[in-house]
Amino acid sequence: MSEENVVYIGNKPVMNYVLAVVTQMNGGTNEVILKARGRAISRAVDVAEIVRNRFITDVNIGGIEICTEEIMNNEGTSTNVSAIEIQLAKEFSK
Numbered sequence: 001m002s003e004e005n006v007v008y009i010g011n012k013p014v015m016n017y018v019l020a021v022v023t024q025m026n027g028g029t030n031e032v033i034l035k036a037r038g039r040a041i042s043r044a045v046d047v048a049e050i051v052r053n054r055f056i057t058d059v060n061i062g063g064i065e066i067c068t069e070e071i072m073n074n075e076g077t078s079t080n081v082s083a084i085e086i087q088l089a090k091e092f093s094k
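Residue numbering for the sequence shown follows the UniProt record's numbering, starting at 1 and increasing by one per position.
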């Protein structure tokens, strides 16, 4: 999986990320990974569901990975932040 097939979810509106995923899928990519941390996790789930239900109906959830990442802040202390990766993969018609 190359880094160009990854969409990092942040604070932008949900439809911006949906457009990024749909653009990659229509450009010939069969697999896109959504990555989000902290409060953006719910936005990543929204993006996956909107893509699956409204735009590209032959996309499935390939896998979901959750983890906790340790982040160093400016003061030098560490904070734990939840993270998620959602793999979206196109179905192949037989």
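Where is the CB? At the ideal position from N, CA and C, for every residue including glycine.
Helix, strand or coil for residue i per DSSP?
i	result
E85	strand
N53	helix
E65	strand
I9	coil
E31	strand
N74	coil
Using the Cα positions of residue i and residue j, report the straight-line distance between them to the nearest angstrom.
i	j	result
I66	A89	18 Å
E69	V21	24 Å
E91	E31	10 Å
N80	V6	22 Å
E3	G76	29 Å
V18	D46	9 Å
Which same chain residues end up closer than 6 Å to residue i when comparing Cβ atoms and leaving out the 5 residues on each side of it in sequence?
i	result
I64	I86
Using a Cβ-Cβ cutoff of less than 7 Å, which residues in the same chain neighbour residue i once the five nearest sequence positions on both sides are dropped?
i	result
M72	S78
Taking residue i and residue j to be in contact with their CB atoms under 8 Å, please state how far apart those CB atoms are, rounded to whole angstroms.
i	j	result
A36	A44	4 Å
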